[in-house]
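Please read the structure below before turning to the comments.
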Amino acid sequence: DRSPSRGLGDVYKRQILENKFIHLSDVLLEGDAAEHTLTAATKLGLRALMLAPIKRENSVFGVITIGRISPGFFVENQVSLLKTFADQAAISIVNTRQFNELDKAKAEAQRAAQTLKELSENLSRYVSPQIYQKIFKDENKVVPNSQRKKLTIFFSDIVGFTQITDCLLYTSPSPRDGL
Numbered sequence: 522d523r524s525p526s527r528g529l530g531d532v533y534k535r536q537i538l539e540n541k542f543i544h545l546s547d548v549l550l551e552g553d554a555a556e557h558t559l560t561a562a563t564k565l566g567l568r569a570l571m572l573a574p575i576k577r578e579n580s581v582f583g584v585i586t587i588g589r590i591s592p593g594f595f596v597e598n599q600v601s602l603l604k605t606f607a608d609q610a611a612i613s614i615v616n617t618r619q620f621n622e623l624d625k626a627k628a629e630a631q632r633a634a635q636t637l638k639e640l641s642e643n644l645s646r647y648v649s650p651q652i653y654q655k656i657f658k659d660e661n662k663v664v665p666n667s668q669r670k671k672l673t674i675f676f677s678d679i680v681g682f683t684q685i686t687d688c689l690l691y692t693s694p695s696p697r698d699g700l
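The numbering of the sequence shown is my numbering, which starts it at 522 and goes up by one.
Printed below as a string of structure tokens:
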């Protein structure tokens with residue numbers, strides 16, 4: 522691709538490497554302008570150029586370029602305006618990046634909250650309502666502790682028991698159930 526704007530690449534590279542404002546009064550007379558810059562400027566009909574870095578803390582992430590067909594320096598208020606535009610563009614880019622990062626973190630937090638909600642709902646099927654209430658609803662902090670107690674465990678092999686209990690939703694026993 523030999524588009525005219527690609528020919529300005531050496532000026533852009535210089536601008537980014539030097540990390541400063543560049544003001545060329547006449548690209549045809551500029552001693553360190555490369556031939557392809559001159560060709561591009563000629564094709565575009567430009568003689569004077571200003572390049573302002575879009576940067577934040579010495580990190581350049583763009584360039585704003587203004588060109589003019591007549592040679593000569595731009596006036597101070599034009600220079601100042603371009604610098605202000607570049608500074609505002611940098612602020613906008615940084616703010617957009619931060620906003621996108623915040624959105625990403627918010628979405629991740631919402632996914633985590635949904636996962637915790639689903640986990641707590643699944644857990645409610647396996648613990649008594651009193652314990653579930655203590656863990657997930659009470660304002661008091663649950664402090665795990667342990668005690669030694671004698672426990673009797675009865676293992677029974679009932680065909681299909683696990684599948685049946687997984688399909689049942691836990692409901693609290695009512696007083697009329699006699700429990």
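Here a beta-carbon is modelled for each residue, glycine too, at the ideal position from N, C-alpha and C.
Here the structure is a predicted model, which is why all the values come from computation and not from measurement.
(message) Can you tell me which residues form a DSSP beta bridge with R577?
(response) Looking at the DSSP assignment, R577 forms a beta bridge with S580.
(message) Run through the DSSP bridge pairs and tell me what T586 is partnered with.
(response) L572
(request) Evaluate I685 with the Cβ neighbour count: other Cβ atoms within 10 Å of its Cβ, from every protein chain shown; 16 or more gives buried, anything less gives exposed. (result) exposed
(message) Beta-carbon within less than 7 Å of G566's beta-carbon, same chain only, minus the 5 sequence neighbours each way: which residues are those?
(response) Around G566: I590.
(request) Please classify I656: does DSSP put it in a helix, a strand, or coil? (result) DSSP places I656 within a helical segment (H, G or I) once states are collapsed to three.
(message) Between the alpha carbons of Y647 and E622, how many angstroms are there, rounded?
(response) 38 Å
(message) With a threshold of 6 Å on Cβ separation, who are the neighbours of V615 within its own chain once the five nearest residues in sequence on each side are excluded?
(response) R577
(message) Which complete alpha helix (DSSP H) runs does the region 581-647 hold, if anything under 4 residues is left out?
(response) 597-644
(request) Could you check if A786 is buried or exposed, using at least 16 other CB atoms within 10 Å of its CB as the buried criterion? (result) Here the chain comprises residues numbered 522 to 700, so residue 786 is not present and cannot be evaluated.
(message) Check whether the region 621-635 and the region 568-585 are in contact - that is, three or more C-beta pairs closer than 8 Å.
(response) These segments do not touch.
(request) Look up L565 in the DSSP assignment and say whether it is helix, strand or coil. (result) In the structure shown, L565 sits in a helix (DSSP, three-state: H, G or I).
(message) Using only the alpha-carbon positions, how far apart do R568 and P592 sit?
(response) 5 Å
(request) Assign A634 to one of two classes, buried (16 or more other C-beta atoms within 10 Å of its C-beta) or exposed (fewer than that). (result) exposed
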